[in-house]
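One structure is given here, and the rest of the page talks about it.
In our numbering, the protein residues as written are 150 to 430.
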């Protein structure tokens with residue numbers, strides 16, 4: 150049997166922090182169980198969202214006699230629909246959550262789970278990066294990439310086995326949240342691959358309001374910006390340091406910190422992040 154509803158509820162109030170207001174708790178119910186995926190960021194969307202190297206974590210609460218539960222399994226599926234080739238499944242994995250006579254059985258009336266989301270798929274004998282959730286519709290073409298998890302519970306009562314399942318759509322957006330890289334990924338080569346582009350400072354005359362640009366080579370190896378990484382998730386702060394070499398250019402020592410602006414350019418549009426209050430010399 151397959152049934153019932155799913156719901157999300159914001160965990161923050163109007164007077165709470167901004168972080169709490171964008172968290173939502175996702176729960177899905179059937180006749181004999183409740184699946185709780187816990188709080189997720191970007192909750193106001195239509196489905197819970199997971200990022201790169203994410204894990205689907207939560208708990209299942211059973212109603213009735215928990216000893217009748219014989220098996221609990223999760224199936225993670227990825228589907229793609231195109232106007233040219235129709236529908237196909239590119240990802241299908243089954244993960245047992247509970248099997249009798251194991252140490253990971255339900256405690257009291259519930260059991261917990263933690264399922265890693267793969268980052269690669271094997272398609273036609275070749276390994277490729279798992280695509281993000283995506284939808285595009287046009288008058289003559291369409292493409293839709295979607296993911297879902299299927300929760301299957303098998304019960305045995307009076308000698309008969311019953312199956313109960315729940316389909317839960319999820320979104321896989323690799324850049325939606327930060328992740329902890331493994332030690333193998335944190336190699337010096339990652340830092341060496343970072344490309345830098347030099348910019349020339351501009352000086353504004355407070356009296357004449359005239360903007361003068363220095364020669365391109367005037368401040369080479371004088372002004373430095375240090376970043377912990379070149380990849381950041383949406384909605385998170387970008388920490389940085391600005392270093393000025395006042396030995397080569399003593400004039401830089403007269404620059405006030407409130408006059409230093411940092412601008413992030415995205416698709417050719419400048420977005421002012423804010424004024425820098427502290428910097429390293």
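Ideal Cβ positions, reconstructed from N, Cα and C, are used throughout, including at glycine.
Since the structure is predicted, the reported quantities are computational estimates derived from the model, not experimental observations.
Requested in this report: Mind the definition here: the segment 230-237 touches the segment 283-292 only if three or more C-beta pairs lie below 8 Å; say whether that holds.
Outcome: Cβ pair count under 8 Å is three or more, so yes.
Requested in this report: Say whether the segment 293-307 touches the segment 174-188, bearing in mind that this needs 3 or more beta-carbon pairs closer than 8 Å, one atom from each stretch.
Outcome: Because the criterion of three Cβ pairs below 8 Å is met, the segment 293-307 and the segment 174-188 touch.
Report task. Would you grab the beta carbon distance between residue 391 and residue 374 for me? Rounded to a whole angstrom, and I think it's under 8 Å. Result -> Right, the Cβ-Cβ distance comes to about 6 Å (below 8 Å), so this counts as a contact.
Report task. Would you kindly check if the distance between the Cβ of residue 381 and the Cβ of residue 387 is under 8 Å? Result -> Residue 387 places its beta carbon less than 8 Å from that of residue 381.
Report task. Measure from the alpha carbon of residue 247 to the alpha carbon of each residue in 262, 316, 176, 175, then state which is nearest. Result -> Of 262, 316, 176, 175, the residue nearest in Cα terms is 262.
Query raised in the report: Taking the alpha-carbon positions, what's the residue 189 to residue 279 distance?
Result: Cα to Cα, the separation comes out at about 21 Å.
Query - Beta-carbon gap between residue 222 and residue 318 smaller than 8 Å - result: The answer is no: Cβ separation not under 8 Å.
Query raised in the report: Which residue or residues does DSSP assign as beta-bridge partners of residue 227?
Result: According to DSSP, residue 227 bridges with 240, 296.
Requested in this report: May I ask which residues mark the beginning and end of the beta strand (DSSP E) holding residue 322?
Outcome: It is not in any beta strand (DSSP E) - residue 322 carries neither H nor E in the DSSP assignment.
Report task. Could you have a look at residue 375 and say whether DSSP puts it in helix, strand or coil? Result -> In the structure shown, residue 375 sits in a strand (DSSP, three-state: E or B).
Query raised in the report: In whole angstroms, what is the alpha-carbon distance linking residue 394 and residue 202?
Result: When only Cα atoms are considered, residue 394 and residue 202 end up about 40 Å apart.
Query raised in the report: For residue 211, which residues from the same chain have a beta carbon less than 7 Å from its beta carbon, with the 5 sequence-adjacent residues on both sides left out?
Result: Answer for residue 211: 181, 182, 218, 255, 258, 259, listed in chain order.
Requested in this report: Output the distance between the C-alpha atoms of residue 304 and residue 312, rounded to the nearest integer angstrom.
Outcome: Each residue's alpha carbon lies about 7 Å from the other.
Requested in this report: Please indicate yes or no: does the CB of residue 189 lie closer than 7 Å to some heavy atom of the ligand ZN?
Outcome: Questions concerning the ligand ZN fall outside what the structure shown contains, since it holds no ligand whatsoever.
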